[in-house]
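Protein chains: 4
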Amino acid sequence: MAGNSFGQAFRITTAGESHGPGNVVIVDGVPAGIPLTVDDLLIDLNRRRPGQSHITTQRDEADLPEILAGVFEGQTTGTSIAILIRNTDQRSKDYGNIQDVYRPGHADFTLDAKYGFRDYRGGGRSSARETTARVAAGAIAKKLLAHALGAQVIGYVHQVGSIVAEVPHPESVTLQQVEYLADGTPNIIRCPDEATGSRMIALIEEVRKQQDSIGGAATIVATGIPAGLGEPVFDKLKADLAKALFSLPAVLGVEYGIGFGCATMRGSANNDYFVPKDSFDASTSAIPAIDNITTQTNRHGGMLGGISSGQAIILRAAVKPTSSLPLEQPTVTRAGEATTIRTKGRHDPCLLPRFIPMAEAMVAIVLADHWLRWCGQKNWKSAT
Amino acid sequence: MAGNSFGQAFRITTAGESHGPGNVVIVDGVPAGIPLTVDDLLIDLNRRRPGQSHITTQRDEADLPEILAGVFEGQTTGTSIAILIRNTDQRSKDYGNIQDVYRPGHADFTLDAKYGFRDYRGGGRSSARETTARVAAGAIAKKLLAHALGAQVIGYVHQVGSIVAEVPHPESVTLQQVEYLADGTPNIIRCPDEATGSRMIALIEEVRKQQDSIGGAATIVATGIPAGLGEPVFDKLKADLAKALFSLPAVLGVEYGIGFGCATMRGSANNDYFVPKDSFDASTSAIPAIDNITTQTNRHGGMLGGISSGQAIILRAAVKPTSSLPLEQPTVTRAGEATTIRTKGRHDPCLLPRFIPMAEAMVAIVLADHWLRWCGQKNWKSAT
Amino acid sequence: MAGNSFGQAFRITTAGESHGPGNVVIVDGVPAGIPLTVDDLLIDLNRRRPGQSHITTQRDEADLPEILAGVFEGQTTGTSIAILIRNTDQRSKDYGNIQDVYRPGHADFTLDAKYGFRDYRGGGRSSARETTARVAAGAIAKKLLAHALGAQVIGYVHQVGSIVAEVPHPESVTLQQVEYLADGTPNIIRCPDEATGSRMIALIEEVRKQQDSIGGAATIVATGIPAGLGEPVFDKLKADLAKALFSLPAVLGVEYGIGFGCATMRGSANNDYFVPKDSFDASTSAIPAIDNITTQTNRHGGMLGGISSGQAIILRAAVKPTSSLPLEQPTVTRAGEATTIRTKGRHDPCLLPRFIPMAEAMVAIVLADHWLRWCGQKNWKSAT
Amino acid sequence: MAGNSFGQAFRITTAGESHGPGNVVIVDGVPAGIPLTVDDLLIDLNRRRPGQSHITTQRDEADLPEILAGVFEGQTTGTSIAILIRNTDQRSKDYGNIQDVYRPGHADFTLDAKYGFRDYRGGGRSSARETTARVAAGAIAKKLLAHALGAQVIGYVHQVGSIVAEVPHPESVTLQQVEYLADGTPNIIRCPDEATGSRMIALIEEVRKQQDSIGGAATIVATGIPAGLGEPVFDKLKADLAKALFSLPAVLGVEYGIGFGCATMRGSANNDYFVPKDSFDASTSAIPAIDNITTQTNRHGGMLGGISSGQAIILRAAVKPTSSLPLEQPTVTRAGEATTIRTKGRHDPCLLPRFIPMAEAMVAIVLADHWLRWCGQKNWKSAT
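Residue numbers (numbering that gives the first Met the number 0), protein chains in the order written: chain A, 0 to 383; chain B, 0 to 383; chain C, 0 to 383; chain D, 0 to 383.
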């Protein structure tokens, strides 16, 4: 009821604030027998962590996870998994000055209205720091999807300010392309279109010099997901994915497939037509037809009627510019008096590079959840 | 788990197909003592029903609801409310020819992949007919919000094709404007900008003559919602609202506030600054400050950190063009053989006018749910 | 949150009062392709219905169910199933006199305290009439268990007053024995020990003549349930079964296996020892060992650590004497004034015979739920 | 779905095994502003902990909780609370010999059937060690109940073997009586009837010398709970309390009020009659009548129709004798071969003394949950 859990068959529950002892996640519903180590968690935690490049916040946190339960001899046991990521760089003094001030664009005011009580340490529970717990859980979801389906979830930066990447085949983008440039150095912007990516980096640097921040958009692609995931009414796959992405801080819009572009489309131009797969030979094949049907195009973003179609699932999320700014901004105190606030430079000038692993985690969690739900519905007969 | 329920404190569960006996909704969590009659439900069911104007489908269904439980002597009892809306115009023969064919853009293929079993009667459970149940439940949610808060949820058509309405003050649009033109005749397009609305109607008529369909976008506004609704992590108000809208058929995108426009914004230009309300006189007021603080602007669409700010909540949804077309479209049979399909003219050439009450219903349900959740959290002390 | 749903993977949601238009149940999570007709529902609804024999209430209700959704061409579709059972014999005049009086032993007073609002028509939502919805849902659960596992859930009357049946092998009792005597006439008391059953009937008749009522206990047995159902912590199978039985009206106690008798036992005498199954030949068998292990005895009632062991699941529930009595009883009015009340003879003098199908339904629902949950956990790998 | 969460408005989620790094609980739904420190948790953790007296296990674990999130400056923040209790005395070598053996009476076999994977370290997730997490959460629930209602939950040992305590007024038993004898020394058996308690202790000592164990029963009483908690159908208060108690290890039976004794009762003798409270003077009182009505007797155990009546809530749970025995017991290996097992003396000869805080915790959690649910339903109007 207080919204600290997400998912049903694969269910995560989190706790933790930006400046408390640490962040915790309990993952419930992971089947037994999946290999899992701290190293699996570290891959994405490192992609999310502050201080990873000169275009992210310079705060430095190691974000070392400890598996407290649910793993035995390197495998999941089928029981609930608990992971703790301690906060190391708490520096709560940095936040002392905001104790009685509502930061513009932040949840300070709305949380105060909600609880009548304020944890003013850097946003408390509403800090993006809570996403460490999600990223750790997402790593488990990715592991499950890879193990069960060979599926993958990969995100990349699509837009920063008015600079938009050209990625003609989102379904073909690789993790290698997102993380590394062609020359093997880190792709700190996480945009697979390298030329555009370097312009994005230049823009972020310019914005930072101006003590400002800039928005953007990310694309997240899931491949290897079979047709049939999602429920026909409220728990449509598109609905759960949208909730997952909107639950992340700073997301103001989500679309899939052609998204908002559909408003100007005619039905005859928008529908993706069903065709037999190239590999299908109806004259000789004994394989059930459904596995041999696909759509010619993928304007539908891999979901029809809210259920996966077997095509790549392609989502986009709009991310607002960081609200905390080194620039001085007007605001009011808790008492309603006018004042100003400025944040001393340890914030991301653009959220997008670190947003990628968070978005991937949430998408992976939804897909793992619906995969397990579908297995229960589909395989009820053969189970003994 | 099979996704036929939505909400927590205000929770709806539905059943029903397009061509079965009827659609049913059970609403759980409505407090006792709220006046409720069949007439309250009919207002929105009539706004949603087919055959309401020449720009909607010409199918004709009366959509008369029967309250089966939960209301006694004109008031809610506090127990679960059940409503049945029988299907009257079933004409299943219309659908006989699609029994073995996957309609482009529909869920036929994905449902078959999911269940290995197909209810081919007009989409079965995935038909937009199931939204009758949601609209009935939404009418109860609206009643509760009005009763408890004087709050309102009003939607309107923002865009059809490339034609975009000019509505400078979405928070001031009235139900009267959405339903009636200045001359008192019905506003069949549900766009409060009358001049643009008549161009939208002309476009829809043109598209229909071409046996085609057209997409669009809707705006939904909630006013009178106090600050503090929503949870800080997964059940952010924006996340639950997005899930609600994405759970409706044909929605491909959702945004709030400046939405996707945030990608090109700088933080200094995007943040809405906190200010005392105009009515506030700090020197004399004993009223707690929080009720006297607001934001100067509302680019944030009424939610900060996923929690309501007291400003109008403003959402936008992109709706794809109707997939069913009188035009002949290529597709395949269940056996994988190429064929064509055309739909005999009883579908909406543009979904938007009838989408409005559906979208309002889902927004109202989320707000009623979060309102009741908040009451439980907030009023736990004084309750005896 | 208002408690009108039960279960997770197999989930029922109900609405309905004793004297409203009818009772409704939505069953969510039933897999596609299970044969289901109204006749399947009628078997247990007839066993539950009033007026079935001279030792039950003489109210007469046909209890004819209508399937409103979720079944197509005689099979479940995988989507939510809705069933409506209209109330026919409402006679609300019978209840007019209790409008301002709290009936002893009933929920009148506690519901008034809860809602500040009273549906005084025969108990409203707290009437045992709501169990029609459960029995209909239970019939579907039984169908699923039989279809998937060949499993059965059978209950019988174990005790009425001080008269206790002798049933040495509860796991061998058949539905035929519960419903019919050896001579083929109906077994109206539903006790498989015929001699004791006729003494129970005599006691009930005597009690009725005295305008009184009598309590008792029921045994419910599930056979054919494999080892492995239930979760290790909160959703232990024993816990969900107990909640299910305690959620029925008039149940004051539940135990399984040796139950309260365990208090006087020593561990050495209480433990059931594991042994190879009689049929197992370790030298030749390639079958995995776990399917070939059982316990020598079944004092544990088919559950160890809250998880099914493969042995028969054996539960017992204590049912209080009917609270409504033809005898005059003292009570107070809503205003707190002393008064008396008597009920005019249309109540069961002993609840047990009609309790059996209700208890079976709830046990079947829990088992179907845990079966589907287990399938999701167990069969996640092979599912494509 | 995997059953590691419990409750709705007050919701706990746990993880942890007997021999892993530790046990974790996340408590979701605690309102903001309730004072909470580690000391509050220690009271009950110390009552639960091993090694507390010579009649409990001699394992010694300090069970020091760490609050990882959700508390700021000594008060709850309204966000999720996480607590970690590390395992200190893991000694997994003690369990090495049971790796391939199914211990009689334990969940070893059923977990293996469930997961196809075994965490053989002392029962893993099914060990009673997981109740540390529940007891910590229960301490928070007690705090909330005391803070909001002045309510209390107190349990005591009612029976050990055939020795039954005489406690004529369960609703008057104090925590002092349960924890201390009249002479101020610890009441290690937790029975408020001192004379009977010392006979219980003697029996436990005798049983231990015989390398055996003994069962018993506990009574749990909640006072100060107002009328109106619980839902009328599935989430009856009695149903949720029963689930809570049955979810504890070793519980084979639960009853409330007269419980199984109801089977032999007549309605006329069983009903508790409503009367005005002694303090009520109808001629002068303007207080609403409902607060001035009670029942003359409390055979109904404080719940009518599954909803609290304002009387003391009185429950009883039967607890089986410890399954682990120093005595040699026959069993089989995972391969199905006959073997024997004996446990080396670090188990409780009788579970009852340490069961008390566990049972209190679960009862308090259910009551806190229903209290918060009720507040949401009741106070929806006045909340702004």
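Backbone N, C-alpha and C define an ideal beta-carbon position, used for all residues, glycine too.
Contact of V166 of chain B with chain A is not assigned, every C-beta pair being separated by 8 Å or more. For the pair Q328 of chain A and E254 of chain B, the Cα-to-Cα distance works out to about 26 Å. Counting along the chain, L240 of chain A sits inside the alpha helix (DSSP H) bounded by residues L236 to F245. The beta-carbon separation of I313 of chain B and P185 of chain B, rounded to 25 Å, does not stay under the 8 Å limit for a contact. A direct Cα-Cα distance of roughly 4 Å separates S4 of chain C from T12 of chain C.
In this structure, A:F273 is the residue among A:G183, A:F273 and A:R198 with its C-alpha nearest to the C-alpha of T338 of chain B. Just so you know, the alpha carbons of L202 of chain D and A145 of chain D end up roughly 36 Å apart. Measuring C-alpha to C-alpha distances from V166 of chain D to each of D:Q175, D:V159 and D:Y155 identifies D:Y155 as the nearest. Taking 8 Å as the cut-off, the Cβ atoms of A14 of chain A and L44 of chain D do not count as close. For T130 of chain C, same chain residues with a beta-carbon under 6 Å away, outside a window of 5 residues either side, are M357 in chain order. Judged by DSSP secondary structure, I292 of chain C falls within the beta strand (DSSP E) whose first and last residues are I292 to T294. Between A132 of chain C and the set C:K343, C:G301, C:N22 and C:G260, the nearest pair of CA atoms involves C:N22. Sorting B:L236, B:T109 and B:G115 by C-alpha distance to the C-alpha of T109 of chain A places B:L236 at the top. Here A106 of chain B has G122 and S125 as same chain residues with Cβ atoms under 8 Å from its own Cβ, once five neighbours each way along the sequence are excluded. DSSP lists C:Q74 as the beta-bridge partner residues of F71 of chain C. An exposed status is given to K208 of chain A, since fewer than 16 other beta-carbon atoms sit within 10 Å of its beta-carbon. G77 of chain B is positioned such that its CB atom lies closer than 8 Å to that of F116 of chain C. Against D27 of chain C, the close residues of chain B are M0, A1, G2, N3, S4, T12 and A14, in the order they occur along the chain (beta-carbon pairs closer than 9 Å).
With distances taken between CA atoms, A367 of chain A lies nearest to A:V152 out of A:S52, A:E193 and A:V152. DSSP assignment within the stretch 89-146 of chain A yields no whole beta strand (DSSP E) run of 3 residues or more.
Considering only beta carbons, the part of the stretch 222-237 of chain B lying closer than 7 Å to chain D consists of P225 and P231, in chain order. DSSP places E205 of chain C inside the alpha helix (DSSP H), whose first and last residues are E193 to K208. The residue among A:E359, A:A147, A:A243 and A:A249 with its C-alpha nearest the C-alpha of Q7 of chain A is A:A243.
Of the residues D:A334, D:P30 and D:I162, the one whose Cα lies closest to the Cα of V70 of chain D is D:P30. The residue among C:S307, C:R353, C:N378 and C:W379 with its C-alpha nearest the C-alpha of V365 of chain C is C:S307. Taking every protein chain shown into account, the CB of K141 of chain A has 16 or more other CB atoms within 10 angstroms, so this residue is buried.
Cβ neighbours of G149 of chain B within its own chain (closer than 7 Å, five residues either side excluded): G223.
For L314 of chain B, the enclosing beta strand (DSSP E) starts and ends at I312 to V318. Only residues of its own chain outside the window of five on either side were considered, and among them G256 and D271 have a CB closer than 6 Å to the CB of H299 of chain B, listed in chain order.
With a contact defined as Cβ atoms closer than 8 Å, A238 of chain A and S323 of chain B miss out at about 22 Å. Chain B places a beta carbon closer than 8 Å to that of R124 of chain C, counting this residue as a contact. H157 of chain D sits in a strand when the DSSP states are folded into three classes. For Y179 of chain B, the pairing in a beta bridge is given by DSSP as B:P185. In the DSSP assignment, G266 of chain A falls within the alpha helix (DSSP H) that extends over G266 to N269. Out of D:P352, D:D234 and D:A334, the CA that lies nearest to the CA of V100 of chain D is found in D:A334. Chain-ordered, the chain C residues with CB closer than 8 Å to the CB of R333 of chain D read A288 and I289.
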